[in-house]
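Numbering (the numbering used here), first residue to last: 322 to 652. Even glycine gets a Cβ: it sits at the ideal position worked out from N, Cα and C. From a predicted model like this one, the values you see are computed outputs, not experimental measurements.
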């Protein structure tokens with residue numbers, strides 16, 4: 322593997338082999354606490370909690386490997402016009418070896434009430450912004466002269482982008498779908514060919530889940546997430562969370578790859594990048610939530626890292642995690 326390119330952050334090549342991605346294809350950053358940051362994967366989540374809500378996440382993936390992914394995300398959203406319209410801002414930065422990505426989106430969601438239940442809403446969301454992808458050639462060393470795939474110094478490309486989503490929620494159920502990188506992929510074909518940067522690829526998300534009341538103090542929330550980019554393996558998250566006393570969420574996730582349809586470009590015999598995740602979320606006050614997630618890889622990669630660590634904090638800026646009708650927002 323090092324006979325072609327010796328990467329100072331050697332795992333960058335390893336990642337390419339594991340995921341089976343084409344060269345310079347840009348993957349969306351991975352978060353394990355996305356159930357508490359719905360705006361990250363779906364613009365239709367804007368305004369779901371009705372009050373102004375700010376959410377920040379930091380993830381250190383594959384701790385112990387030099388140049389391993391470091392990801393940060395900040396989201397702020399709220400609702401206006403009697404909660405019929407949701408507005409949100411999303412900022413995400415991801416660094417992985419020589420690659421880096423910065424995305425900024427303004428999000429708009431129109432929330433239709435379905436039936437007599439004010440909490441039964443069908444939301445249509447759109448996000449517009451930009452993606453800046455970069456590649457630092459100083460972090461790469463070619464073993465062959467004249468390697469045109471390694472830039473001189475740092476190069477970046479700024480591209481406008483858009484994303485779409487739809488989401489249905491009521492008191493006990495949710496289902497949604499979204500797609501991002503709708504424009505960046507196409508517009509990247511028009512950029513200066515001498516600029517060598519990762520190419521964003523569209524990602525499709527499907528989520529659904531439900532809430533079950535065990536008793537007055539215990540609630541159970543199972544959910545799933547499917548993520549697909551039409552090129553690499555389809556990712557499936559199976560989640561199970563328990564809420565204790567309206568204060569503490571304790572949960573776990575099993576993440577694996579699934580084959581939903583034929584992808585001829587995938588190499589035969591690829592090993593599934595399975596992982597398990599433990600999550601704890603605490604409402605320290607009615608306005609403040611803090612969370613921690615630990616990912617443990619079930620592949621040989623676990624022998625080279627100390628797992629992945631993720632911290633999050635959420636703050637209700639005007640009220641609490643109870644909406645204007647006195648109902649708690651569980652999704």
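Just to check my reading of the structure: residue i and residue j have Cβ atoms closer than 8 Å, yes? What is that Cβ distance to the nearest angstrom?
i	j	result
residue 367	residue 429	7 Å
residue 406	residue 431	6 Å
residue 554	residue 448	About 26 Å separates the two Cβ atoms, so there is no contact after all.
residue 486	residue 474	Going by Cβ atoms, the distance from residue 486 to residue 474 rounds to 37 Å, so no, they are not a contact pair.
With a threshold of 6 Å on Cβ separation, who are the neighbours of residue i within its own chain once the five nearest residues in sequence on each side are excluded?
i	result
residue 409	360, 367, 398, 428
residue 490	442, 652
residue 525	500, 549
residue 564	540, 570
residue 424	413, 452
Can you name, in chain order, every residue of its own chain whose Cβ lies under 8 Å from the Cβ of residue i, other than the five neighbours on each side?
i	result
residue 480	451, 452, 453, 454, 504, 505, 508, 509, 512, 521
residue 595	575, 576, 577, 578, 618, 619, 620
Report all residues from its chain with a CB closer than 7 Å to the CB of residue i; omit the five preceding and five following residues, and keep chain order.
i	result
residue 391	381, 416
residue 477	453, 454, 455, 518
residue 532	493, 540, 542, 651
residue 616	353, 596, 598, 628, 629
Determine the contact status of residue i and residue j, defining contact as a CB-CB distance below 8 Å.
i	j	result
residue 269	residue 383	With the chain covering only 322 through 652, there is no way to say anything about residue 269.
residue 355	residue 632	no
residue 550	residue 523	yes
residue 597	residue 575	yes
residue 411	residue 446	no
So is residue i buried or exposed if we call it buried at 16+ other beta carbons inside 10 Å?
i	result
residue 387	exposed
residue 569	exposed
residue 342	Below a pLDDT of 50, predicted positions are generally treated as unreliable, and residue 342, at 36, falls in that range; the measurement from the model is reported next regardless. The residue in question, residue 342, is buried, as its Cβ has 16 or more Cβ neighbours within 10 Å.
residue 605	exposed
residue 581	exposed
residue 638	exposed
residue 497	buried
residue 528	buried
residue 502	buried
For residue i, which of helix, strand or coil comes out of DSSP?
i	result
residue 505	helix
residue 560	strand
residue 357	helix
residue 345	Because residue 345 carries a pLDDT of 49, less than 50, the predicted location of this residue cannot be relied on, and no value is offered for it.
residue 370	coil
residue 622	helix
residue 440	coil
residue 458	helix
residue 377	strand
residue 364	helix
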